[in-house]
Each structure stands twice: as structure tokens, then as C-alpha cells.
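Position 335 of the sequence shown, counted from 1, bears residue number 318 in the numbering used here, the numbering being contiguous throughout.
Just so you know, even glycine gets a beta-carbon here, dropped at the ideal spot from N, CA and C.
Structure first, then comments.
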Amino acid sequence: MELRRMHRFIRAVPATALVLAMAAIGAAQAPPAAPSTTQAPLSSNRATTVPTAAHLSLDRAIELALQHNHSLLAARATIDESRAEEITANLRPNPVLSWDAQFLPFFNPGTLSSSYIDNSAQFDIGVSYLIERGKKRQNRLAAARDQTAQTVANVLDNERSISANVAQQFVGVLLANANLELARMDLESFQNTVEISQARYQAGDIGEGDLLKIKLQLLQFQMDLNSAQLAKVQALANLRALVGFESLPESYEVDGELAYQPVRVNLDDLKLMALRNRPDYRAAQLGVTAAQSQLILARAIGKRDLTAAVDYSHAGGVSAASFFFNIEVPIFTRNQGEIARARFGVNQAQESQSAQSETVLTDVVNAFENLHTNDEVVTLYNSGYLQQAQDSRDISQYAYQRGAASLLDYLDSERSYRATQLAYRQALASYMLALEQLRQAVGTRSLP
-16 MELRRMHRFI RAVPATALVL AMAAIGAAQA PPAAPSTTQA PLSSNRATTV PTAAHLSLDR
44 AIELALQHNH SLLAARATID ESRAEEITAN LRPNPVLSWD AQFLPFFNPG TLSSSYIDNS
104 AQFDIGVSYL IERGKKRQNR LAAARDQTAQ TVANVLDNER SISANVAQQF VGVLLANANL
164 ELARMDLESF QNTVEISQAR YQAGDIGEGD LLKIKLQLLQ FQMDLNSAQL AKVQALANLR
224 ALVGFESLPE SYEVDGELAY QPVRVNLDDL KLMALRNRPD YRAAQLGVTA AQSQLILARA
284 IGKRDLTAAV DYSHAGGVSA ASFFFNIEVP IFTRNQGEIA RARFGVNQAQ ESQSAQSETV
344 LTDVVNAFEN LHTNDEVVTL YNSGYLQQAQ DSRDISQYAY QRGAASLLDY LDSERSYRAT
404 QLAYRQALAS YMLALEQLRQ AVGTRSLP
């Protein structure tokens, strides 16, 4: 309370000596208002919003990315390819049409006559058809459909990754906005200190050396502002690349804020959710099904197919029909190698499923612990360290402006305050990133 009274005194009733000095140098501007002491939540667009710029929320960014991200669109094309393979797998063999003409007198054309053709030449025409045994077509189709289902799950996992990347980059933009806002506030505050120091120098309260140190320190604040502006531009460009360049205008802003939102979740519940929702684990499960379908298909291919044919023949003035049937005798080749390979493929798919299950559970545990750790860090800052850094800077500033503290003490408190504020913003961003990591690990954005 005492500190706030001092702030109001500084803004409302400047010292007489400072007023006279400012009048002497022609600076009749009132000092800017002191920066707000509110620490959380931190606005991401309060000081940087461009009125004409488009605004983008996190949900909208994810929606646009799922619609326009070219890597994801390329992955989705594999689903159409797999469905086209289902068409191929379901096709039946084509019938074979054959015909021939025999005993035609090409080398003795003088004997060619209608009587010769009717009584001595022979003509045949027939149709044959391959009859697939072992339900090969049905098994091909089942294997192709199982492969499509696994492909769909893999594409859904790509969507999960894209959504997580967009969310993480979105948090990066929020952090850049918060740092830019802090840099502007610090620059305004320090410019006020420079003006007061200039007035004190004119009044003879400080030496030229201290004034030069103050002005040199102002350069650092200006460089920090430039760096923060560059970081924001880069963060927005990276987000636009993920969402899709054609889906966003050149100039846009994001809606949202760096904010601490406590999440209370149970680790066992998260594990169950992950095993139920993660599309990569679902893809591993479907991989086992697809491998088993390949094994069934390999066994079906081992069964020999039957070829049936019917021919019409005209020879010696007589028309006749012939029927033919042929089938391989499976003495040596029964597709043994492919059957063995498919059996090993089933074992491999089952091991991959087990490995993926362990990966999913490990991701959940790591994400849960990461969120818990970052939660503790943010709680520490909010427990009093932020306010202490603010009070230390304000007290040093008040004392320096009245000649009761040295310049080095004031600059040191200013650096500590800025470092604490930057670290707090980074801690908030890390917490939000940890929360996005947990959502990615669980496989859904809706946590219990």
C-alpha cells in the first residue's frame, strides 16, 4: 500500500526541482503512466493488434491446418490410393477368347474351294475362364480393406501431429506477443527514467557520467524491442507455414493469451484414454489385422486354380463341341515361402503393437511429469517472486529518482525485474506447451 501511494505521488505531484528543470529544457510532457503490475494472464494482442489484420484463434488455426496443410493433404492421398487397390483386389479374371483355322491351302491355292473348306479345313473357336479356388478374390479384398483401415489410422495420426505442431507454434506466437508487449512497456518506463535523469542532470543532481550510463542502457531496451518484433514476425510466419500460406492473409494476428490454467488429471485415466484414442496405436492394432489377412491370402494363393474351356470345332464337315479342364498338381509349389513370410509378418506386427503400446504409455508418463514440473514452476512465480521483483524495481526506481539510491543499484534492479518477467513468460509458455504435449500424448484435445 505504501508503494502505491509513492507511485501516485510521483505521477500526480512531481518534485518542484524537476518541474523547473523540465521547463528549462522545454520538455513539458507529463511522464507516462507506470506499467501495470498484473502478471497473469498476459494478453497476447492487447498492444500489438492491427485493426485491419485478420484474427486467428487456436481452434481455427487447427481447423485451417487440417484443411490446407500440404503435407497432410499428400498423406490423405494415400487413402484414395489404398481404396483404388481395393477395386483392383476385387476384380475377377477376364475370360479368354481363342480361335484358329487349320489346314488352309496357302501353298496350293488351286485346291481352295468351298467343298475343301467345308470338308478338309478345320475351324475352332472357344472361351476359357480361370476359376479361382480358395476364395482368393474375397481374401484379396479383405486384405486390401484392412490395409486401407491401417492407412486411415496413419493419416489420423498425421492429423494428430499437425494439430499438436500448430498448437505449439501458436503458443510460440503468444510468447512472442507477450515478450513484445513487455519490451514496449519496459522501453516506455525507461524512457521516462531517462527524461527524469536528464532533468536531474540539468538541475545538477547527478553527474554527466550517470546520465550517459542511463542513455546507454536505453539502447539495450531498444534492441530488446527490435528483437521481440523480429521474433513475432518469425513466429507468425512459422505458424502460417503450418496452417497453409493460402489460407491466411499476409498480415494477421492471433487471439489468445499466455495464461495459467491448472489442470488436475489422473495418470491412470490418461493412460487408458491414450490407448483408446491414439491413432498410431490403433494403426498398430490394425497392422496385426492386416498381417493376418495377408497370411490368409497367402494360404488361399497356395490353392491351385482351375481353368475351364469350351470350344466349338468344324472339321470334315462336322461341327462339334469340346470341353477342357486343367489344374496344376501342387506337388512342389504350394506358395510355402509366402505363407512363411506372412506368418513372420504377423509376429512382427504383434511385436510392433506391443512396442507401440509401450511408446504410448511412455509418452503419457513423460507428458504428465512435464506438465507437473512446469505447473510447479509457474506456481513458484505466482507465489510471490513476481511481486517481489516488481517491488524491488519500483523501490529502486523511486529511490534513484530522489537521489537516495545509486545508479548501479537501480540498473541492477531493472535487469532483475526484466529477467524475472521474461522467465515468467517463458514458464507460462512452457506450461502451455506441456499441456499441448499431454493432449498429443493422450490423442485428444479434451482432457478429463
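Practice task
Could you tell me whether the Cβ atoms of S399 and S375 are closer together than 8 Å?
Solution key: yes
Practice task
Starting from F509, follow its DSSP beta bridges and name the residues at the other end.
Solution key: In the structure as shown, the chain begins at -16 and stops at 431. Residue 509 is therefore absent and cannot be evaluated.
Problem - Local conformation of I108 per DSSP, three classes - result: strand
Practice task
Compute the Euclidean distance between the alpha carbons of L213 and R123, then round it to the nearest angstrom.
Solution key: 56 Å
Practice task
Note down the Cα distance separating A67 from S210, rounded to an integer number of angstroms.
Solution key: 52 Å
Handout entry: For L49, the nearest candidate out of S144, L258 and A417 (CA to CA)
Key = S144
Problem - Per DSSP, cross-strand counterpart(s) of H297 - result: Looking at the DSSP assignment, H297 forms a beta bridge with F106 and S302.
Exercise for the section: Starting from A37, follow its DSSP beta bridges and name the residues at the other end. Expected result: Y235
Handout entry: Where D83 falls: helix, strand or coil (DSSP)
Key = strand
Practice task
Take A332 and list the residues in its own chain whose beta-carbon comes closer than 6 Å to its own, dropping the five residues that flank it on each side.
Solution key: For A332, where only same-chain residues beyond five positions count, the Cβ hits under 6 Å are G270, V271 and A274.
Practice task
Please classify S429: is it buried, with 16 or more other beta-carbons within 10 angstroms of its beta-carbon, or exposed?
Solution key: Exposed is the call here.
Practice task
Identify, in the order they occur along the chain, each residue of the same chain with its Cβ nearer than 6 Å to the Cβ of A159, setting aside the five sequence neighbours on each side.
Solution key: A214, K215 and A218
Practice task
Give a yes or no on whether the C-beta atoms belonging to H414 and D358 are separated by under 8 Å.
Solution key: Checking the sequence, you will find Tyr at residue 414 rather than His. In this structure, D358 lies closer than 8 Å to Y414 by Cβ.
Problem - E240 - DSSP class collapsed to helix/strand/coil - result: strand
Exercise for the section: Go through the stretch 143 to 189 residue by residue and report every complete run of the alpha helix (DSSP H) that reaches 4 residues or more, in order. Expected result: Taken in chain order, the whole alpha helix (DSSP H) runs of length 4 or more contained in the stretch 143 to 189 number zero.
Exercise for the section: Report the option in A382, D107, R43 and A412 whose CA atom is closest to the CA atom of V226. Expected result: R43
Exercise for the section: Give a yes or no on whether the C-beta atoms belonging to A136 and P262 are separated by under 8 Å. Expected result: yes
Handout entry: L201 vs R167 beta-carbon contact at 8 Å
Key = The answer is no: Cβ separation not under 8 Å.
Handout entry: C-alpha gap between G386 and S172, whole angstroms
Key = 18 Å
Exercise for the section: Using beta-carbon positions only, say whether T134 and S65 come within less than 8 Å of one another. Expected result: yes
Exercise for the section: Give every residue of the same chain whose Cβ lies closer than 7 Å to the Cβ of P34, excluding the five residues on either side of it in the sequence, and list them in chain order. Expected result: Summary for P34: the model assigns pLDDT 38, below 50, so the residue's position carries little reliability; its value from the coordinates is reported in the next sentence. Result list for P34: empty, nothing under 7 Å.
Handout entry: the stretch 282 to 289 in contact with the stretch 113 to 132 per 3-pair CB rule at 8 Å
Key = Cβ pair count under 8 Å is three or more, so yes.
Problem - Short Cβ contact (8 Å threshold) for V154 with A412 - result: A contact, by the Cβ cut-off of 8 Å.
Exercise for the section: Give every residue of the same chain whose Cβ lies closer than 6 Å to the Cβ of D392, excluding the five residues on either side of it in the sequence, and list them in chain order. Expected result: Within the same chain, D392 has close Cβ partners S379.
Exercise for the section: Determine, using beta-carbon pairs with one atom in the stretch 231 to 247 and one in the stretch 97 to 104, whether at least three such pairs fall under 8 Å. Expected result: no
Exercise for the section: Enumerate in chain order the residues of its own chain whose CB-to-CB distance from S302 is below 8 Å, with the five nearest sequence positions on each side excluded. Expected result: Y295 and S296
Exercise for the section: Using beta-carbon positions only, say whether A424 and A257 come within less than 8 Å of one another. Expected result: yes
Handout entry: Three-state class that DSSP yields for I314 in the structure shown
Key = coil
Practice task
State the start and end residues of the unbroken alpha helix (DSSP H) segment that holds R320.
Solution key: Checking the sequence, you will find Gly at residue 320 rather than Arg. Element bounds for G320: Q319 to L363.
Practice task
Flag this pair as yes or no: are the beta carbons of A350 and L255 separated by less than 8 Å?
Solution key: no
Handout entry: Burial state of V293, where buried means 16 or more other Cβ atoms lie within 10 Å
Key = exposed
Practice task
Report all residues from its chain with a CB closer than 7 Å to the CB of N162; omit the five preceding and five following residues, and keep chain order.
Solution key: A211, A214, L405 and R408
Exercise for the section: Would you check if the stretch 55 to 63 and the stretch 241 to 251 touch, i.e. whether three or more CB-CB distances between them fall below 8 Å? Expected result: no
Handout entry: Endpoints, the alpha helix (DSSP H) within which A220 is located
Key = E191 to V226
Exercise for the section: Pull up the distance between the alpha-carbon of I189 and that of K198, whole angstroms please. Expected result: 13 Å
Practice task
Would you kindly work out how many angstroms separate the C-alpha atoms of P431 and V361, rounded to a whole number?
Solution key: 22 Å
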